[in-house]
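Engineer:
Residue numbers (our numbering): 96 to 823.
Quick look at the structure:
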């Protein structure tokens, strides 16, 4: 019977709301997009001034935490009179708040709140406004009447189903003296509707409510500055660090007594004034005080609080203008290194800040690794100071969702801005390239140079021939022809195994780079492997080395002469100095002759398209090494990656190259490995670490060097990248 009466009430109120004017409903709906609706039970509260003060402090706190949002109020003894909804920034909000305070302080009703009627009336009112699921309901009560939790929950079950269906969370705020059975019922209401229960107490109850509201509103969380018991002879002092980019700082004080005063000092040590922030505001309520600064200057501020008595807790929360966003477009591939990129913006504009950006990445198995992101143009970052922070991650081995916690940290200030995000990693199509015949190809003859196998993980994956992109470059202009021949077509012309054929047009050196460019799972993916070097040039003939001279026969052994008595004589000091000077002069002369006779390094090393990499006469060497080994130059001194395995000898009409025995790298001359002393002719090709270079006997002019220096740096970077890829 009870359920039937509640159902009739719900239907009747719904019809009443439907019959109101459409214009009035539209106006209410626009005001109540994210409405906070308070249902206040005055039965126990209005008879106690301390409870009235707590409720007023609660309302003032919520107005600040949800600033700019609409509020509406109804009292449990008069559901026919709804106060609001009105936005906190609206012109009539002050009058609304004053009316609520007056009603709260009026004589209390004789009967406590009826939960069934309260929920039914609230449901119909909000349903008539058509408010969104982001709206919320607050039940404030202090009823001490004995409640049977099980029976009451059963009676509330039908209306709770309706509230739960629309998604409005119900938050309960009760005085400490409220009946435990009632608290159990309210806890069940909160559980059913995804709400929470709080105690109307100082400081812990309001602290918990403040913290949860800040988190739900996306404004961070409370940071405790300290707790003290005030007395006339005591001063509460604390420092607070304000980081760059702080748009708003709020200090919240929960207090048992309202006789407190606050004094702020800016980082210069003087009392705060309008020059150190854009605006400020202080809100004083019986059990609460809020001091708010807008756009305060960064640095270390200090706070003094004085009071007569009572417990006081100080907290802060800040709204920073800086926003951290993970810039990962789509899933990243498993099995290859990837870049993680995050942006830092200030009011929508990208900025590079004087702070560290740390990313804690947790894989699907729960293992976390920390990475430092930078905006300095190194370590995976493309451009310094552009507001994009980057780091290169090693190959991910597990597919799934990776959680990312990004922390913007200032080393000199104990403050961190944290943002949570995630990205997905999955297996993408990949391929392996196994080279075959790449040396001494015959011009005009079609030759198989490699095999390609495409797969995802350990499974074959068929692709169309157009998804595999070969790119050829030679030193003679005509690139020749590359053909992809599928071994076995699976369907629609696709295959997972291909043979690669190349036809060289003339005697030349060529590089063939192969990429896989395929769409998979709605995402375009490209993968490139290291290029292979192909030669159709006959191998160079090494210079025969001279056999070593025969070892002379040992001289016959003769008996030593009998000892002769030595007569010691003392040479004049002048004679000794002359002899020493003659020896030094002779040594200098020998070194000078050796220096003049030997040929200094000459020539230039160019990229395959003619850009200057290094001019050998410009290589800086220690003076003594330049004197003793003028016509020799080690590949390590060139500063070009991969040449540390060879050294050069320079003569009047030719240049020789020889291997260094202790190096593991191999340099190729005209696509032949250098195993002995070999002539480097003008225009010869040198291959190192997958890159092709030309040796020119002539020195490139200075103006050409200036025009091509940027290209040299690019080649050097590419060489380093190639080396890094091989090492991986």
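Glycine included, each C-beta is placed from N, C-alpha and C at the ideal position.
Within its chain, find whatever has a CB closer than 7 Å to the CB of residue 508; leave out the 5 residues flanking it on each side and keep chain order.
Structural biologist: As a working mapping, residue 508 is identified with position 413 in the chain shown. These residues qualify, in order along the chain: 336 and 338.
Engineer: Give every residue of the same chain whose Cβ lies closer than 6 Å to the Cβ of residue 384, excluding the five residues on either side of it in the sequence, and list them in chain order.
Structural biologist: Within the chain shown, the letter at position 289 stands for residue 384. Residues of the same chain with a CB within less than 6 Å of the CB of residue 384, apart from the 5 flanking positions on each side, are 348 in chain order.
Engineer: Is it right to say residue 277 is buried, meaning 16 or more other beta carbons lie within 10 angstroms of its own, or is it exposed?
Structural biologist: Walking along the chain shown from the start, residue 277 turns up at place 182. The residue is buried, with at least 16 neighbouring Cβ atoms inside 10 Å.
Engineer: Provide the residue span of the alpha helix (DSSP H) that contains residue 867, from first to last.
Structural biologist: No information on residue 867 is available, as it lies outside the stretch 96 to 823 that the chain covers here.
Engineer: Per the DSSP calculation, residue 321 is bridged to which residue(s)?
Structural biologist: Here residue 321 refers to the residue found at position 226 of the chain shown. Per DSSP, 409.
Engineer: According to DSSP, simplified to helix, strand and coil, what is residue 287?
Structural biologist: The residue given as residue 287 occupies position 192 in the chain shown. It is helical.
Engineer: Which same chain residues end up closer than 8 Å to residue 309 when comparing Cβ atoms and leaving out the 5 residues on each side of it in sequence?
Structural biologist: Along the chain shown, read from residue 1 onward, the residue named residue 309 stands at position 214. Cβ neighbours of residue 309 beyond the five flanking positions: 160, 315, 316, 317 and 412.
Engineer: Select from 737, 775, 256 and 774 the residue whose C-alpha is nearest the C-alpha of residue 761.
Structural biologist: Looking up residue 761 in the chain shown gives position 666. It is 737 whose Cα lies nearest to the Cα of residue 761.
Engineer: Given 8 Å as the limit, is there contact between the stretch 541-552 and the stretch 586-600, that is, 3 or more CB pairs closer than that?
Structural biologist: yes
Engineer: Which residue marks the beginning of the alpha helix (DSSP H) containing residue 732, and which one marks its end?
Structural biologist: To locate residue 732, count along the chain shown from 1; it is residue 637. Annotation for residue 732: the continuous alpha helix (DSSP H) segment containing it runs 730-733.
Engineer: Would you please state the rounded distance, in angstroms, between the beta carbons of residue 271 and residue 296? I believe it to be under 8 Å.
Structural biologist: Walking along the chain shown from the start, residue 271 turns up at place 176. Walking along the chain shown from the start, residue 296 turns up at place 201. About 5 Å separates the two Cβ atoms, so the contact holds.
Engineer: Kindly indicate the opening and closing residues of the beta strand (DSSP E) around residue 502.
Structural biologist: In the chain shown, the residue the question calls residue 502 occupies position 407. Unbroken beta strand (DSSP E) run through residue 502: 495-504.
Engineer: Any contact between the stretch 174-192 and the stretch 246-253? By contact I mean 3 or more CB pairs, one from each, below 8 Å.
Structural biologist: no
Engineer: Note down the Cα distance separating residue 613 from residue 726, rounded to an integer number of angstroms.
Structural biologist: As a position in the chain shown, residue 613 is number 518, starting the count at 1. As a position in the chain shown, residue 726 is number 631, starting the count at 1. The straight-line gap from Cα to Cα measures roughly 52 Å.
Engineer: By the DSSP assignment, the beta strand (DSSP E) with residue 571 in it spans what residues?
Structural biologist: Here residue 571 refers to the residue found at position 476 of the chain shown. No beta strand (DSSP E) contains residue 571, which DSSP labels as neither H nor E.
Engineer: First and last residue of the beta strand (DSSP E) that includes residue 62?
Structural biologist: The displayed coordinates of the chain run from 96 to 823. Any statement about residue 62 would go beyond what the structure contains.
Engineer: Assess, as a yes-or-no matter, whether the stretch 455-465 is touched by the stretch 407-423 under the definition of 3 or more beta carbon pairs within less than 8 Å.
Structural biologist: no
Engineer: Whole angstroms is fine: what's the gap from residue 710's alpha carbon to residue 699's?
Structural biologist: Residue 710 sits at position 615 when you count from the first residue of the chain shown. Residue 699 sits at position 604 when you count from the first residue of the chain shown. Going by the C-alpha atoms only, they are around 4 Å apart.
Engineer: Using 10 angstroms around the beta-carbon of residue 299, count the other beta-carbons present and answer buried if the total reaches 16, otherwise exposed.
Structural biologist: Walking along the chain shown from the start, residue 299 turns up at place 204. Label assigned to residue 299: exposed.
Engineer: With a CB to CB cut of under 7 Å and the five nearest residues on each side skipped, what residues in its chain are close to residue 404?
Structural biologist: As a working note, residue 404 is residue 309 in the chain shown. Only 325, 326 and 352 meet the Cβ criterion.
Engineer: Can you grab the Cα-Cα spacing for the pair residue 786 / residue 604, in whole Å?
Structural biologist: As a first step, residue 786 must be located in the chain shown, where it is residue number 691. As a first step, residue 604 must be located in the chain shown, where it is residue number 509. Rounded to whole angstroms, residue 786 to residue 604 spans 11 Å at the Cα level.
Engineer: Is it buried or exposed for residue 146, if we count other Cβ within 10 angstroms and need 16 for buried?
Structural biologist: Within the chain shown, residue 146 is the residue found at index 51, counting from 1. With 16 or more other Cβ atoms within 10 Å, it is buried.
Engineer: How long is the line joining the alpha carbons of residue 611 and residue 621, rounded to whole angstroms?
Structural biologist: Along the chain shown, one-based indexing puts residue 611 at 516. Along the chain shown, one-based indexing puts residue 621 at 526. C-alpha separation (whole angstroms): 5 Å.
Engineer: State the Cα-Cα distance for the pair residue 562 and residue 490, rounded to the nearest angstrom.
Structural biologist: Counted from its first residue, the chain shown places residue 562 at position 467. Counted from its first residue, the chain shown places residue 490 at position 395. Straight-line spacing of the CA atoms in residue 562 and residue 490 works out to 24 Å.
Engineer: Alpha carbon to alpha carbon, what distance is there between residue 307 and residue 216?
Structural biologist: Position 121 of the chain shown holds residue 216. Position 212 of the chain shown holds residue 307. Taking the straight line joining both Cα atoms gives about 27 Å.
Engineer: Restricting to Cα atoms, I'd like to know which of 138, 742 and 182 is closest to residue 203.
Structural biologist: Counting from 1 along the chain shown, the entry for residue 203 is found at position 108. The residue with the shortest Cα to Cα distance from residue 203 is 138.
Engineer: Leaving out five residues before and five after residue 81 in sequence, what residues of the same chain have Cβ atoms less than 8 Å from its Cβ?
Structural biologist: As displayed, the chain neither begins before 96 nor continues past 823, which places residue 81 out of reach and without an answer.
Engineer: Express the C-alpha separation of residue 454 and residue 394 in angstroms, rounding to a whole number.
Structural biologist: Position 299 of the chain shown, counted from the first residue, corresponds to residue 394. Position 359 of the chain shown, counted from the first residue, corresponds to residue 454. For residue 394 and residue 454, the distance between alpha carbons rounds to 25 Å.
Engineer: Please go through the same chain and pick out, in chain order, the residues whose beta-carbon is closer than 7 Å to the beta-carbon of residue 624, but skip the five residues on each side of it.
Structural biologist: One-based indexing of the chain shown puts residue 624 at position 529. Cβ within range, chain order: 528 and 609.
Engineer: Among the residues of its own chain, which have a CB less than 6 Å from the CB of residue 195, if the five just before and after it don't count?
Structural biologist: One-based indexing of the chain shown puts residue 195 at position 100. If we look at residue 195 and ignore the five residues flanking it on each side, its Cβ neighbours are 168 and 178.
Engineer: Need the endpoints of the beta strand (DSSP E) that residue 715 sits in, please.
Structural biologist: As a position in the chain shown, residue 715 is number 620, starting the count at 1. Unbroken run through residue 715: none, as it is neither H nor E.
Engineer: Please work out which residues of its chain come closer than 6 Å, Cβ to Cβ, to residue 89, disregarding the five sequence neighbours upstream and downstream, and give them in chain order.
Structural biologist: There is no way to answer for residue 89, as the model of the chain reaches only from 96 to 823.
Engineer: Is residue 164 helix, strand or coil by DSSP?
Structural biologist: If you number the chain shown from 1, residue 164 lands on position 69. The three-state reading of DSSP puts residue 164 in coil, since its state is none of H, G, I, E or B.
Engineer: Exposed or buried, which one is residue 166 when buried takes at least 16 other CB atoms within 10 Å?
Structural biologist: The residue given as residue 166 occupies position 71 in the chain shown. By the Cβ-count criterion, residue 166 is buried, with 16 or more other Cβ atoms from all chains shown falling within 10 Å of its own Cβ.
Engineer: Beta carbon of residue 631, beta carbon of residue 537: below 8 Å?
Structural biologist: Looking up residue 631 in the chain shown gives position 536. Looking up residue 537 in the chain shown gives position 442. For residue 631 and residue 537, yes; Cβs fall inside 8 Å.
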